[in-house]
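A.B. asks: Below is a structure I'd like to ask you about.
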Amino acid sequence: MSRPIQAIINHSALTHNLTIVRQYAPDARILAVLKADAYGHGLLNTANALKNVDGFALLELDAAISLRTTGYQQPILLLEGFFSTNELALFEQYQLSSVIHHTEQVAMLSKYKQHRMGVFIKVNTGMNRLGFSPKQLPQIIEELINNQHIKDITLMTHFASADDPSEKASVSRQLQCFETITKKYNYPCSLSNSAAIINYPETHGNWVRPGIMLYGASPFSDKTAADLNLQPVMTLSSKIIAIHDLKVGDKVGYHGLFEAEYPMRIGIAACGYADGYPRHAPTDTPVLINNQRSRLLGRVSMDMLAIDLTGIKNAKPGDSVVLWGEGIPVDEIAKYAGTSSYELLCGLAARVDRKFLKSF
Ligand SMILES: *Cc1c(COP(=O)(O)O)cnc(C)c1O
1 MSRPIQAIIN
11 HSALTHNLTI
21 VRQYAPDARI
31 LAVLKADAYG
41 HGLLNTANAL
51 KNVDGFALLE
61 LDAAISLRTT
71 GYQQPILLLE
81 GFFSTNELAL
91 FEQYQLSSVI
101 HHTEQVAMLS
111 KYKQHRMGVF
121 IKVNTGMNRL
131 GFSPKQLPQI
141 IEELINNQHI
151 KDITLMTHFA
161 SADDPSEKAS
171 VSRQLQCFET
181 ITKKYNYPCS
191 LSNSAAIINY
201 PETHGNWVRP
211 GIMLYGASPF
221 SDKTAADLNL
231 QPVMTLSSKI
241 IAIHDLKVGD
251 KVGYHGLFEA
261 EYPMRIGIAA
271 CGYADGYPRH
281 APTDTPVLIN
291 NQRSRLLGRV
301 SMDMLAIDLT
311 GIKNAKPGDS
321 VVLWGEGIPV
331 DEIAKYAGTS
341 SYELLCGLAA
351 RVDRKFLKSF
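Residue 321 in UniProt numbering sits at position 321 of the sequence shown, and the numbers go up by one each step.
Following this line, the structure appears as structure tokens:
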């Protein structure tokens, strides 16, 4: 028998969450963001669950090619675009669309003359990560229009703080900057990540780019996924592989960070930070054992962690443990560990089997 840890990926939760995106943004087309192996969920199975979406967006060229060779006909957008002229032949062969965010890319395009590529020109409206400054933009658009090989142009930007309700002013500054610079053109626009899709309908434009909400986690710290009617897609589960009875003063795990204050029973689960469980999760981080809530004890090891079995009747090796997902939101674990659901989901280790279930 293999190690009992697995990530169950719920196909119907993905399709449900896609319908929620459609409800929020009924007039926009949807680019499902599948970067980082679909936020750790597995690229091709996730794409299959979302197969009717209007397009896909990611950053990894090999993943984009495998979507195309699997047979998806929709636009596939590379969010950082291409990095060298060598890649342009692949963009051509597989009909991939590219974000253009840097003059180097414009220069490479003008040298490579064979094909007609869809481009999303990225405008830096204040995040200062990728994109042309509002001042540069007219010149860039001019150059790209003059390039016979550009098939169609979409204008895009990205918000730095759409997930923070106290940063409304930042979003409106970025939106206003974008509208001011783009209104003289008649190109389709793309601005919204999950947080903006939910909180800022005025940003929807022609293409929205949901990531985290498709996977059933909340982009907001003050709203749960359930508040947003999103369903968890990944459930990380494992089993108890050992049980110990502790006396008062007995310690648990590396450095004995947890010490029993009363006689208690603990279980050791086959899940550790080498599986992607956060090492910074402290004692009291919730876990489910046999569908009852309990808590983590002491320091998370590379391959194992300890669970309080107080109040869990008849617990024994082989009992099921849920680390996050159904019944225990990944956002909650992220909060305990001082990180985000994004990092936990896309940090799921390659050694954990993803098991795709059509219905849960
Ligand atoms: C990752 C990403 C998204 C998706 O963001 P979520 O917060 O996961 O919805 C959208 N746009 C760009 C440019 C991204 O890099």
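For each residue, glycine too, the CB sits at the ideal point set by N, CA and C.
1) What is the C-beta distance between residue 214 and residue 203, in whole angstroms, given that I count them as a contact (C-beta under 8 Å)?
2) Any heavy atom of ligand 1 within a distance shorter than 7 Å of the CB on residue 188?
3) Confirm the yes/no value for this check: CB of residue 124, any heavy atom of ligand 1, distance under 7 Å.
4) Hey, which unbroken runs of the beta strand (DSSP E) at 3 residues or more fall wholly within the stretch 118–163?
5) From residue 181 to residue 144, what does the alpha carbon distance come to, in whole angstroms?
6) When DSSP labels each residue in this structure, what does residue 251 get in the three-state scheme?
7) Entirely within the stretch 9–97 and at least 4 residues each: give me those alpha helix (DSSP H) ranges in chain order.
8) Should residue 17 be listed as close to ligand 1, given that the test is whether its C-beta is under 7 Å from any heavy atom?
9) Just the C-alpha distance for residue 104 and residue 129, rounded to the nearest angstrom, thanks.
10) Drop a sphere of 10 angstroms on the beta-carbon of residue 72, count the other beta-carbons inside from all chains shown, and report buried for 16 or more, exposed for fewer.
11) Are the Cβ atoms of residue 118 and residue 152 separated by less than 8 Å?
12) Residue 235 lies in the beta strand (DSSP E); which residues open and close that run?
13) Just to confirm, is the Cβ distance from residue 120 to residue 99 under 8 Å?
14) Quick check on residue 295: does DSSP put it in helix, strand or coil?
15) Taking contact to mean at least 3 C-beta pairs separated by less than 8 Å, is the stretch 256–275 in contact with the stretch 3–17?
16) For residue 334, which residues from the same chain have a beta carbon less than 6 Å from its beta carbon, with the 5 sequence-adjacent residues on both sides left out?
17) Would you mind listing the alpha helix (DSSP H) stretches within the stretch 164–196 that are 4+ residues and don't spill past its ends, in chain order?
18) With DSSP as the reference, please indicate the residues paired to residue 264 in a beta bridge.
19) May I ask you to list the residues that DSSP assigns as paired with residue 258?
20) Report yes if the C-beta distance between residue 149 and residue 113 is below 8 Å; otherwise report no.
21) Nearer than 7 Å: is that true of the beta carbon of residue 219 relative to any heavy atom of ligand 1?
22) Measuring straight from C-alpha to C-alpha, what distance separates residue 10 and residue 67?
23) List the residues that DSSP assigns as beta-bridge partners of residue 353.
24) How many Å lie between residue 387 and residue 263 at the Cα?
25) What is the DSSP secondary structure of residue 334, counted as helix, strand or coil?
26) Name the residue from 24, 38, 13 and 27 whose alpha carbon lies nearest to the alpha carbon of residue 211.
27) Specify whether the stretch 243–256 and the stretch 50–59 touch according to this definition: at least 3 beta carbon pairs, one from each stretch, less than 8 Å apart.
28) Pick out whichever of 294, 46 and 303 has its Cα sitting closest to the Cα of residue 17.
29) So the beta strand (DSSP E) residue 306 belongs to, where does it begin and stop?
30) Label residue 294 either buried or exposed according to how many other C-beta atoms from any shown protein chain fall within 10 Å of its C-beta, with 16 as the threshold for buried.
31) Could you check whether the Cβ of residue 211 sits closer than 7 Å to any heavy atom belonging to ligand 1?
32) Taking the alpha-carbon of residue 236 as reference, which of 353, 299, 14 and 218 has the nearest alpha-carbon?
33) Among the candidates 242, 311, 312 and 350, whose CA atom is the shortest distance from the CA of residue 277?
34) Out of 323, 141 and 108, which one is the CA nearest neighbour of residue 122?
35) Answer yes or no: do residue 44 and residue 15 have a C-beta to C-beta separation smaller than 8 Å?
C.D. replies: To lay it out plainly:
1) That pair is no contact at about 18 Å.
2) Not so, every heavy atom of ligand 1 lies at least 7 Å from the Cβ.
3) no
4) 150–156
5) 16 Å
6) strand
7) Counting whole runs of 4 or more residues, the stretch 9–97 contains the alpha helix (DSSP H) stretches 11–24, 35–39, 43–49, 61–70 and 88–93.
8) no
9) A straight line joining the alpha-carbon of residue 104 with that of residue 129 spans about 16 Å.
10) buried
11) yes
12) 234–246
13) yes
14) strand
15) Taking 8 Å as the limit for Cβ pairs, the verdict is that the stretch 3–17 does touch the stretch 256–275.
16) Hits under 6 Å: 340, 341 and 344.
17) Within the stretch 164–196, the complete alpha helix (DSSP H) runs of at least 4 residues are 168–182.
18) 246
19) 252
20) yes
21) yes
22) 20 Å
23) 6
24) With the chain represented from 1 up to 360, any question about residue 387 goes unanswered, as that position is not in the structure.
25) helix
26) 38
27) As far as the Cβ criterion goes, the stretch 243–256 does not touch the stretch 50–59, which means the pair count is below three.
28) 46
29) 305–308
30) buried
31) Residue 211: yes, Cβ under 7 Å from ligand 1.
32) Of all alpha-carbon atoms in 353, 299, 14 and 218, the one lying nearest the alpha-carbon of residue 236 is that of 353.
33) 350
34) 141
35) no
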